[in-house]
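In this note's numbering, the protein residues as written are 5 to 896.
Note that beta-carbon positions come from the ideal geometry of N, C-alpha and C, so glycine has one too.
Take a look at the structure below.
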Ligand code: PEP
Ligand code: MG
């Protein structure tokens, strides 16, 4: 017989933390906390296998499930001394979903289940507090009707608001027992009207309704969307947790809250969180009341006039501190805990590894290692390399003028500017149209996930640090300001106003998620830098890393940025990017438009000093580190003017007839330029271009070498090679230039000549090419394009259906297609090494900064990866994790 149900409670459990796949994250941790002897209300978990069964069998349950649930209910009954459905002493339960990974978008929670017209009276008697009993019942009707019966929340809100208006109340706490009782009657009428049948009174029917709703929500659109975004397979399923109720709404000695063992925004080691006295869990998350701080320190910092838990409930606070120590030590990581206090007794409802910002993740990992809780290698493995992106983005310049509109909570750090939009659909549409937006909402819900993804940042006017917006934004690494209560959002008018300023949709604001400020207009930002824990962790990563990390850079600014971020050289300098600047483009055009070699040489001789000066600067910035310079790659027509106005302008500046320009344009026009006259083919047709570039490189190496006192060893790279013969022809040009410059200057420059591997034929002939080439650099942008026969510029229009249908796991231009392109890399590596044992191997396509691809490069045995400057730290960490054989993104 399959065991479908696992119980926990009273210091023991049938499950444990390791059974996450079966029990879901919440269930496994409830079991674990019970085993640790922590105060957990008894309950049971219906396994994820039931969910799988449910969907495999036309949404039905295994036959023996009912008996196992009944037995588990009586186990809970024995521990609590109550009976489910009993009219005098009823057991009430909560029902919660709990997948392996926490999943917003699924049915979350139904509290107070088991209440009906009869049991509510028993609860009133046993608690001696009728108001509490009716309050709990009306909460149950609202929640159950909403998440199980599908009646929207606002119907109930409306009834409640009408009642409050009529009685002249402003707060929910103004309502008496009789008020709630009257409202319960109206709520039931509402349900019957909406549903055509009465609110279910039978606790068994309620329970199975809630269980069915949890399983049903596994396949709702929001959950499906979330799984898509986070690569969670539908086959995992969710578990259902049923747990004896404890009540945070039993008066002033009761409370409910959430707490982190370390600050999830900054990583500081301090108990951090929020709680509400006389409330139930959903009140904290929903942002209906402003929560209170847990510690005095936090209360003082926030300037709140409401007492902290430390002051209001010192014994409970002490117990929470004790438990947090136990949990953090046990799980060896920062914990995110949910708790309820019932008449002075603390109960733990959940613990899990807490979500955190990248900044906090670094500090926590480094401090846990320094505290000896984890090793430095584990610390390195704990950081998701991609999350570092959050820290590698600009922040607001402290000297910039700030026109502060309002200040909310600093919910997720980083700064962002964008146009105001008020709906997630609009955010998504604007993003598609290439515009940057800030999503402004009163509050967000799981329906807003797509808009939050599309936005640069999120601003809400309601909700605390643990509101939906705050939690989700932190997970996404997006700046967020939450609870900016001074701002009034008018969805109908599409405006936001504060302090006499009204901004309409489309106007620009800036949010600073590190201070909570909302600013008018866009504001000057500062470049990020590596320091503190970030630098420490990078140092640990560097110690275990085998592959070197270089950068793709050609401008002095990019090269400096790359070096600051720890780049160990330049893996790709695209010389064509140097051709567009200032006067150069004129000489480049002159060269392209020349009628013969003599004309071309004349133009190239003007380019030579400019190109040489560029290289001197680059070699100087990168002094002591290798620099790979690639010869001209793109089709020449990219440099020519195309519109009539431009043609007229260029023709006159070059003293040439516009007709001739048009003719040359037509000659150079290609149907398929990516497969056309580009790469090494340019140097084959016009060796004088390669000659000029090689001369510029060698002369610059001599000059920079003298100036810095460090010899420069340039690596000259030939693009788009497919045969050894091509390589040899261009190599000859380079070698003769090296000799010429040595003769002229008396300085012999050491150098290497290598090639990009970006065509399948080059892969197959890698052995032959390696007879001449001293290094290979995989140009995986072109290699992907040419291997898959998919244009890198046009893939966007159809690739989406390939990933959506699972034909390709990921976008092959983002993450290496390991089965195809990856195999080509392996073949070229093997054939190249067979001929030249010590051939240097690297990658310089966009994939060089993608953590998963970096990991793959480690398995191929490349010597280095090269990526854009801002991704250098990401690649350093990914390379370290790859060397450790750890998860590239181990943080669930
Ligand atoms: C490549 O093709 O991967 C590459 C780095 O070159 P480019 O992107 O300049 O074509
Ligand atoms: Mg290329």
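The beta strand (DSSP E) with residue i in it runs from where to where?
i           : result
residue 48  : 47 to 50
residue 547 : From DSSP, residue 547 is part of no beta strand (DSSP E) but of the alpha helix (DSSP H) over 536 to 548.
residue 577 : 574 to 578
residue 760 : 756 to 761
residue 245 : 242 to 248
residue 10  : 9 to 13
residue 93  : From DSSP, residue 93 is part of no beta strand (DSSP E); its letter is neither H nor E.
residue 278 : 276 to 281
residue 440 : No beta strand (DSSP E) contains residue 440, which DSSP labels as neither H nor E.
residue 898 : As shown, the chain starts at 5 and ends at 896. That puts residue 898 outside it, with no answer to give.
Buried or exposed: where does residue i fall if 16 or more other Cβ atoms within 10 Å of its Cβ makes it buried?
i           : result
residue 670 : exposed
residue 442 : buried
residue 258 : buried
residue 206 : exposed
residue 886 : buried
residue 735 : buried
residue 673 : exposed
residue 385 : buried
residue 809 : exposed
residue 584 : exposed
residue 437 : exposed
residue 64  : exposed
residue 676 : exposed
residue 892 : Per-residue confidence for residue 892 stands at a pLDDT of 46, beneath the threshold of 50, marking its modelled position as unreliable; no derived number is given.
residue 221 : buried
residue 35  : buried
residue 894 : Any reading at residue 894 is ruled out, since the residue's pLDDT is 39, under 50, leaving its predicted position unreliable.
residue 811 : exposed
residue 244 : buried
Could you work out which residue in the options is closest to residue i when comparing CA atoms only?
i           : options            : result
residue 424 : 394, 367, 499      : 499
residue 407 : 322, 505, 343, 445 : 505
residue 50  : 560, 201, 185, 242 : 242
residue 117 : 127, 334, 801, 230 : 127
residue 421 : 359, 524, 636, 430 : 524
residue 136 : 184, 296, 391, 458 : 184
residue 697 : 667, 742, 675      : 742
residue 307 : 294, 534, 317      : 294
residue 845 : 774, 589, 804, 853 : 774
residue 710 : 751, 692, 821      : 751
residue 416 : 454, 389, 464      : 464
residue 254 : 132, 166, 97, 377  : 132
residue 299 : 287, 315, 285, 284 : 315
residue 270 : 360, 823, 450      : 360
residue 712 : 568, 852, 625      : 625
Output the boundary residues of the alpha helix (DSSP H) element that contains residue i.
i           : result
residue 606 : 601 to 625
residue 219 : 207 to 221
residue 773 : 770 to 776
residue 741 : 728 to 749
residue 333 : 318 to 335
residue 678 : Segment: none, residue 678 is in no alpha helix (DSSP H) and carries neither H nor E.
residue 375 : From DSSP, residue 375 is part of no alpha helix (DSSP H); its letter is neither H nor E.
residue 789 : 784 to 792
residue 651 : 648 to 657
residue 228 : 225 to 234
residue 453 : 453 to 458
residue 861 : 855 to 864
Assuming residue i contacts residue j (C-beta within less than 8 Å), just tell me the rounded distance between them.
i           : j           : result
residue 942 : residue 17  : Nothing about residue 942 can be read from this structure; the chain reaches only from 5 to 896.
residue 140 : residue 119 : 6 Å
residue 145 : residue 198 : With 8 Å as the limit, residue 145 and residue 198 do not qualify as a contact, their Cβ atoms being about 12 Å apart.
residue 43  : residue 350 : 6 Å
residue 29  : residue 102 : 6 Å
residue 785 : residue 849 : 4 Å
residue 151 : residue 114 : 6 Å
residue 800 : residue 780 : The pair is not a contact, with the Cβ atoms about 29 Å apart (cut-off 8 Å).
residue 548 : residue 880 : Not confirmed; about 11 Å, so no contact.
*With a cut-off of 6 Å, give the chain-ordered residues whose Cβ is closer than this to any heavy atom of the ligand PEP.*
576, 578, 637, 762, 783, 784, 785, 786, 848, 849
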